[in-house]
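Okay, structure first, notes after.
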Amino acid sequence: MADVSIQPKHFLSDKVEHFTESVIREMTRQAMLYGAMNLAQGFPDFPAPAEIKRAAQEAIAADVNQYAITWGAKNLRNAIARQMKGWQGIQVDPETQITVCCGSTEAMISTLLAVCNKGDEVIVFEPFYENYGPDSVLSGAQPVFVKLHPPSGLDGEWGFDERELRGAFHNHTKAIILNTPNNPTGKVFTRGELELIRDLCVEFNVLAITDEIYEHIIYDGTRHISIASLDGMPERTVTINGLSKTYSVTGWRVGWAVAPSNLTNAIRKVHDFLTVGAPAPLQEAGAAALAMSPGYYESLATSYCARRDRLMPALTEAGFRCFRPRGAYYVMTDISAFGFAEDVAFAKYLVKDIGVAAVPGSSFYNDPRDGARQVRFAFCKRAETLDEAGRRLQKLKHSRPR
Ligand SMILES: Cc1ncc(COP(=O)(O)O)c(C=O)c1O
151 MADVSIQPKH
161 FLSDKVEHFT
171 ESVIREMTRQ
181 AMLYGAMNLA
191 QGFPDFPAPA
201 EIKRAAQEAI
211 AADVNQYAIT
221 WGAKNLRNAI
231 ARQMKGWQGI
241 QVDPETQITV
251 CCGSTEAMIS
261 TLLAVCNKGD
271 EVIVFEPFYE
281 NYGPDSVLSG
291 AQPVFVKLHP
301 PSGLDGEWGF
311 DERELRGAFH
321 NHTKAIILNT
331 PNNPTGKVFT
341 RGELELIRDL
351 CVEFNVLAIT
361 DEIYEHIIYD
371 GTRHISIASL
381 DGMPERTVTI
391 NGLSKTYSVT
401 GWRVGWAVAP
411 SNLTNAIRKV
421 HDFLTVGAPA
431 PLQEAGAAAL
441 AMSPGYYESL
451 ATSYCARRDR
461 LMPALTEAGF
471 RCFRPRGAYY
481 VMTDISAFGF
491 AEDVAFAKYL
501 VKDIGVAAVP
511 GSSFYNDPRD
521 GARQVRFAFC
531 KRAETLDEAG
541 RRLQKLKHSR
551 PR
């Protein structure tokens with residue numbers, strides 16, 4: 151046999167060099183390794199609602215076990231259209247405007263692959279949910295980051311500078327990715343902010359891709375507004391959502407993209423060749439989930455608010471500066487008080503020596519230095535988990551980390 155010495159790099163796509171593995175998922179593996187309380191990855195450690203689980207079991211028993219229609223089971227698409235009308239007043243045709251995907255994760259990448267050409271720019275607010283960077287790169291687009299600045303007071307809101315945002319829009323801008331309620335900051339974009347973004351999208355002929363996966367997890371009387379509900383936006387918005395967070399079923403992998411029919415055609419093509427379809431029985435269970443009464447969503451928000459208010463005092467007591475989230479289920483914190491040079495070393499110390507996994511702030515920024523003083527905690531956990539994490543974190547008051 152010929153002595154072929156091939157550099158391992160030879161086999162790799164250039165694209166994958168432009169991003170690293172997910173830090174969030176890596177922290178979950180570290181939590182398991184060290185037996186730490188996992189406040190890193192955003193998945194609940196409590197059961198999903200019994201009626202949804204029953205609906206999934208019944209669907210499997212009824213032999214809904216083959217491919218669903220590639221762009222989504224009719225029952226689920228109808229339920230999504232009903233919900234969008236009911237919650238946000240948005241009229242959607244379930245036959246031509248909805249693509250059900252394997253989680254909102256796939257809905258986002260399918261959308262970007264469907265709309266982006268090489269050289270296009272995609273505006274992303276940062277800190278950002280870490281998938282958006284690699285998603286943009288995989289779709290051939292160039293992400294352009296616009297800062298969400300932390301509030302000066304702990305009760306204030308994260309916000310963007312209007313001039314900075316306008317400066318990011320130009321000829322090559324294809325889309326802006328929004329995430330409201332926001333991971334990791336907990337920001338819920340106001341109507342005024344959304345109108346400003348709308349005006350820029352219309353002026354520069356830009357698409358809004360909005361990830362609203364936390365739409366029902368909101369606090370302090372805050373209201374979630376879908377940008378697609380604003381005048382001028384239905385024809386230029388892709389709204390992404392899913393079952394994961396609202397129904398505590400992150401492992402089911404059911405999400406969707408709602409878009410004008412011409413865009414939906416393109417998204418459906420990409421989705422079909424990427425994954426063919428989302429799990430058929432879980433789509434039927436999804437239709438049952440979306441039919442839950444309004445009381446379900448009220449108690450979801452109330453129970454998450456109680457979890458937020460359980461964890462935040464423990465974090466503050468341990469020495470973290472907490473930015474109060476108005477939505478989603480994360481607390482972004484400032485770690486300056488602990489004297490660590492950067493967040494990754496601190497997060498490693500937390501998981502290994504203190505026994506609590508969190509996500510280093512740098513994984514939410516393009517330039518890691520911007521997140522070097524931040525760490526994010528997830529509170530989608532049982533009271534016992536939060537209390538035990540809180541107890542462990544109090545060790546920080548006595549330890550003298552290097
Ligand atoms: C903002 C945001 N979008 C999407 C996802 C993933 O959603 P899915 O499970 O529907 O793929 C997450 C998960 O943490 C998230 O925080």
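So in my numbering, the last spot in the sequence shown is 552, and the numbers never skip. Yeah, the Cβ is synthetic: ideal placement off N, Cα and C, and Gly gets one too.
Do residue j and residue i come within 8 Å of each other at the CB atom, strictly closer than that value?
i       : j       : result
Tyr-515 : Pro-334 : no
Gln-247 : Thr-414 : yes
Ser-260 : Ala-407 : yes
Ser-302 : Leu-262 : no
Arg-418 : Trp-237 : no
Ile-240 : Ser-411 : no
Ala-200 : Ile-174 : no
Ile-202 : Pro-431 : no
Ala-478 : Ile-326 : no
Gly-253 : Met-482 : no
Val-399 : Ala-428 : no
Leu-543 : Ala-468 : yes
Ala-181 : Val-509 : no
Leu-304 : Arg-541 : no
Cys-251 : Thr-466 : no
Leu-393 : Ala-438 : no
Consider the C-beta atom of residue i and the heavy atoms of ligand 1; say whether any pair is separated by less than 7 Å.
i       : result
Gly-469 : no
Thr-389 : no
What is the DSSP secondary structure of residue i, counted as helix, strand or coil?
i       : result
Pro-410 : coil
Phe-169 : coil
Phe-473 : strand
Lys-297 : strand
Arg-550 : With a pLDDT of only 48 at Arg-550, under 50, the local geometry of the prediction cannot be trusted, and no value is derived from it.
Ala-231 : helix
Phe-558 : No answer is possible for residue 558: it lies beyond the span of the chain, which begins at 151 and ends at 552.
Thr-452 : helix
Met-482 : strand
Cys-530 : coil
Thr-360 : strand
Lys-324 : strand
Thr-387 : strand
Met-462 : helix
Asn-332 : coil
Pro-194 : coil
Gly-445 : helix
Gly-222 : coil
Glu-276 : strand
Pro-518 : helix
Asn-415 : helix
Gln-241 : coil
Gly-436 : helix
Ala-508 : coil
Figure out for me which residue from the options has the closest Cα to the Cα of residue i.
i       : options                            : result
Ile-507 : Gly-445, Lys-531, Gly-269          : In the sequence as displayed, the identity of residue 507 is Ala instead of Ile. Ala-507 has its Cα closest to that of Lys-531, out of Gly-445, Lys-531, Gly-269.
Ala-493 : Gly-405, Gly-290, Ser-513          : Per the sequence shown, the amino acid found at residue 493 is Asp instead of Ala. Of Gly-405, Gly-290, Ser-513, the residue nearest in Cα terms is Ser-513.
Asp-311 : Lys-297, Arg-386, Pro-284          : Lys-297
Asn-321 : Val-294, Thr-340, Thr-396          : Val-294
Gly-521 : Lys-165, Glu-280, Ala-464, Asp-349 : Glu-280
Ser-376 : Arg-204, Ala-211, Ser-394, Ile-347 : Ile-347
Tyr-454 : Leu-183, Ala-468, Tyr-480          : Tyr-480
Gln-433 : Asp-422, Asn-215, Glu-176, Met-187 : Asn-215
Ala-539 : Asp-285, Arg-471, Thr-396, Pro-463 : Pro-463
Thr-396 : Ala-231, Asp-305, Pro-331          : Pro-331
Tyr-369 : Asp-459, Arg-316, Ile-230, Asp-517 : Asp-459
Asn-267 : Ala-291, Ala-257, Val-250          : Ala-291
Ala-186 : Lys-498, Val-274, Arg-227          : Lys-498
Asp-422 : Glu-208, Lys-165, Thr-249, Ile-363 : Thr-249
Gly-371 : Thr-452, Arg-316, Thr-387          : Thr-452
Asp-589 : Arg-457, Lys-235, His-299          : With the chain represented from 151 up to 552, any question about residue 589 goes unanswered, as that position is not in the structure.
For chain C, find out if any of its Cβ atoms is closer than 8 Å to the Cβ of residue i; answer yes or no.
i       : result
Ala-198 : Reference to chain C is not applicable here, since this structure consists of a single protein chain.
Query raised in the report: Which residues, in chain order, sit with a beta-carbon under 6 Å away from any heavy atom of ligand 1?
Result: Gly-192, Gly-253, Ser-254, Thr-255, Tyr-279, Asn-329, Asn-333, Asp-361, Ile-363, Gly-392, Ser-394, Thr-400, Gly-405
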